[in-house]
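Chemist:
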Amino acid sequence: MRSAWPRNRAASLNSRSRSVAAARASCSACPLPRPKKTPQRTSQCARKCRPKSARFAGRILLILKESAHLSEKLPVAWRLLKDQAREASMVQRANRRAGFTLVELAIVITIIGILAALAVPAMNEWMANARLKEAARQVGDAFTLARENAIRTGDNQIVFFQKDMLGAALLGNGVPVPILTLDDGRPGTAGQNCRITAAKGQTWVAAQTGVNWGVTFAGAVRAPNDPGTSPTWQVSGSSFVDPTGASTTWVMFGPNGIPVGVTAACIAGTTGSGGGAIYLTNGFRDYAVVLSPLGGVRVTTWNATAAPPAWRQ
Numbered sequence: 586m587r588s589a590w591p592r593n594r595a596a597s598l599n600s601r602s603r604s605v606a607a608a609r610a611s612c613s614a615c616p617l618p619r620p621k622k623t624p625q626r627t628s629q630c631a632r633k634c635r636p637k638s639a640r641f642a643g644r645i646l647l648i649l650k651e652s653a654h655l656s657e658k659l660p661v662a663w664r665l666l667k668d669q670a671r672e673a674s675m676v677q678r679a680n681r682r683a684g685f686t687l688v689e690l691a692i693v694i695t696i697i698g699i700l701a702a703l704a705v706p707a708m709n710e711w712m713a714n715a716r717l718k719e720a721a722r723q724v725g726d727a728f729t730l731a732r733e734n735a736i737r738t739g740d741n742q743i744v745f746f747q748k749d750m751l752g753a754a755l756l757g758n759g760v761p762v763p764i765l766t767l768d769d770g771r772p773g774t775a776g777q778n779c780r781i782t783a784a785k786g787q788t789w790v791a792a793q794t795g796v797n798w799g800v801t802f803a804g805a806v807r808a809p810n811d812p813g814t815s816p817t818w819q820v821s822g823s824s825f826v827d828p829t830g831a832s833t834t835w836v837m838f839g840p841n842g843i844p845v846g847v848t849a850a851c852i853a854g855t856t857g858s859g860g861g862a863i864y865l866t867n868g869f870r871d872y873a874v875v876l877s878p879l880g881g882v883r884v885t886t887w888n889a890t891a892a893p894p895a896w897r898q
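So that you can map any letter, position 305 of the sequence shown is 890 in my numbering, and since no number is skipped, the others follow by simple counting.
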């Protein structure tokens, strides 16, 4: 089918002449320096005076009018549309690279601050409880290790908490430690005197930050099946006693693996007299590590949300 546009070059030139005349009329209002009175200059001035969108539409119309067939019009117009879309995309990318405004940045910082204020206390409590749980596990491991070594070696094994029998602080490589296990040698030998010396085998554990002896929430409620009778357990954290009934912070395992109470003078009590418990707290939660008279170990924690509050495994 033939195009409905001008069919010959003469008609096209007449149309172009009319466009040039219109451009000359609009050029009188152009703010640019008045060009020479030539059709090319006048048309150029008119194009510069028009808005960008109008200039773009005019270019497409001019091409469509000058083209004789549909097959000639569409490729040229399509290229112009693609160029315009590419230019718009470049502008959008430039705007995205501009970054955040100060107001947007302030809002983001405020939100982060609020979230941090809510999360930090909960995170601190969680970490403190994790350290307390680890400390309770270390106490239970110390009891278990001492019992196994006593059976394996036939030596007396003494587990100290906080201090030795002379009241001195426990040291591991010169650093204070909360727990120390001593291989005190065969019962009845000269070296078996319950004293910590460099010649004897020792194992210890490092202190956990924020963990203290005693209880915070349990009050006067002992852990279930705690065989210890020390009246100072709430503060000292130990319910162990020696054969005379005096409070101690140590317990001895004989060659049969059974815990026995022992005095500061290294006088051991009867078999099964060494049961007791160690209590730990961090201000958020209480733990108890119970040693039965036969050497069994059980770890319990204080449940403040129970009705009534009680110890639970």
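Virtual Cβ for every residue (Gly too), placed ideally from N, Cα, C.
When the distance is taken between beta carbons, is A873 closer than 8 angstroms to A808?
Modeler: Taking the sequence shown and counting its residues from 1, one reaches residue 808 at position 223. Taking the sequence shown and counting its residues from 1, one reaches residue 873 at position 288. Yes, Cβ-Cβ distance for A808 and A873 is below 8 angstroms.
Chemist: So within the stretch 806-888, which uninterrupted beta strand (DSSP E) runs reach at least 3 residues, ignoring any that extend past its ends?
Modeler: 835-838, 861-866, 871-876, 882-888
Chemist: So, with DSSP's three-state summary, where would you put T794?
Modeler: Position 209 of the sequence shown, counting from 1, holds the residue named residue 794. Coil at T794, not helix or strand.
Chemist: Could you spell out the range, first to last residue, of the beta strand (DSSP E) harbouring T766?
Modeler: Along the sequence shown, one-based indexing puts residue 766 at 181. Where T766 is concerned, the enclosing beta strand (DSSP E) stretches over 764-768.
Chemist: Measuring CB to CB, does I852 end up less than 8 angstroms from F746?
Modeler: Position 267 of the sequence shown, counted from the start, is the residue given in the question as residue 852. Position 161 of the sequence shown, counted from the start, is the residue given in the question as residue 746. Against a cut-off of 8 angstroms, the Cβ pair of F746 and I852 comes out as no contact.
Chemist: With a CB to CB cut of under 8 angstroms and the five nearest residues on each side skipped, what residues in its chain are close to G795?
Modeler: The residue you call residue 795 lines up with position 210 of the sequence shown. Around G795: A713, R716, L717, N867, G868.
Chemist: Along the chain, where does the beta strand (DSSP E) that runs through R780 open and close?
Modeler: Looking up residue 780 in the sequence shown gives position 195. No beta strand (DSSP E) holds R780; DSSP gives it neither H nor E.
Chemist: Would you mind stating whether S823 and T834 have Cβ atoms separated by less than 8 angstroms?
Modeler: Along the sequence shown, read from residue 1 onward, the residue named residue 823 stands at position 238. Along the sequence shown, read from residue 1 onward, the residue named residue 834 stands at position 249. In contact: S823 and T834 (Cβ atoms closer than 8 angstroms).
Chemist: Look at the Cβ atom of D871, then the Cβ atom of A803, and state whether they are nearer than 8 angstroms.
Modeler: Residue mapping note: residue 871 aligns to position 286 of the sequence shown, counting from 1. Residue mapping note: residue 803 aligns to position 218 of the sequence shown, counting from 1. Cβ atoms of D871 and A803: closer than 8 angstroms.
Chemist: Tell me which same chain residues have a C-beta within less than 8 angstroms of the C-beta of Q787, skipping the five on either side of it?
Modeler: Taking the first residue of the sequence shown as position 1, residue 787 is located at position 202. Excluding sequence neighbours, Q787 sits near G757, L765, T766, L767, D768, I781.
Chemist: Could you spell out where the alpha helix (DSSP H) holding Q723 opens and where it closes?
Modeler: For the purposes of this step, residue 723 is taken as residue 138 along the sequence shown, with counting starting at 1. Q723 -> alpha helix (DSSP H) spans 687-738.
Chemist: Quick one: Cα of L755 to Cα of V724, how far?
Modeler: Residue 755 sits at position 170 when you count from the first residue of the sequence shown. Residue 724 sits at position 139 when you count from the first residue of the sequence shown. Answer to the nearest angstrom: the Cα atoms are 15 angstroms apart.
Chemist: Please go through the same chain and pick out, in chain order, the residues whose beta-carbon is closer than 7 angstroms to the beta-carbon of T801, but skip the five residues on each side of it.
Modeler: Within the sequence shown, residue 801 is the residue found at index 216, counting from 1. These residues qualify, in order along the chain: T866, G868, D871.
Chemist: So, with DSSP's three-state summary, where would you put W755?
Modeler: By one-based count along the sequence shown, residue 755 stands at place 170. The question names Trp, but residue 755 in the sequence shown is Leu. Reduced to three states, the DSSP call for L755 is coil.
Chemist: According to DSSP, is R664 helix, strand or coil?
Modeler: Indexing the sequence shown from 1 puts residue 664 at position 79. If DSSP states are grouped into helix, strand and coil, R664 belongs with the helices.
Chemist: Only counting the same chain, and skipping five residues up and downstream in sequence, which positions put a Cβ closer than 7 angstroms to that of G698?
Modeler: Residue mapping note: residue 698 aligns to position 113 of the sequence shown, counting from 1. Nothing meets the Cβ criterion.
Chemist: Are D740 and G770 close, meaning C-beta to C-beta below 8 angstroms?
Modeler: The residue you call residue 740 lines up with position 155 of the sequence shown. The residue you call residue 770 lines up with position 185 of the sequence shown. Yes, Cβ-Cβ distance for D740 and G770 is below 8 angstroms.
Chemist: Determine the contact status of G839 and G846, defining contact as a CB-CB distance below 8 angstroms.
Modeler: Numbered from 1 along the sequence shown, position 254 holds the residue referred to as residue 839. Numbered from 1 along the sequence shown, position 261 holds the residue referred to as residue 846. It is not a contact, given that the beta carbons lie outside the stated cut-off.
Chemist: Just to confirm my understanding: we take P763, look at its own chain, exclude 5 residues before and 5 after, and list those with CB closer than 6 angstroms. What are they?
Modeler: Here residue 763 refers to the residue found at position 178 when the sequence shown is read from its first residue. Once the five neighbours on either side are set aside, the close Cβ partners of P763 are A792.
Chemist: In chain order, what residues of the same chain lie with their CB nearer than 6 angstroms to the CB of K667, ignoring the 5 residues before and after it?
Modeler: Indexing the sequence shown from 1 puts residue 667 at position 82. Cβ-Cβ distances below 6 angstroms link K667 to nothing in the same chain once the five nearest sequence neighbours on each side are left out.
Chemist: Pick helix, strand or coil for R771, following the three-state DSSP scheme.
Modeler: As a working note, residue 771 is residue 186 in the sequence shown. The answer is coil: DSSP assigns R771 none of H, G, I, E or B.
Chemist: Are there 16 or more other CB atoms within 10 angstroms of the CB of S674, so buried, or fewer, so exposed?
Modeler: Here residue 674 corresponds to residue number 89 of the sequence shown, with the count starting at 1. Answer is exposed; the Cβ neighbour count stays below 16.
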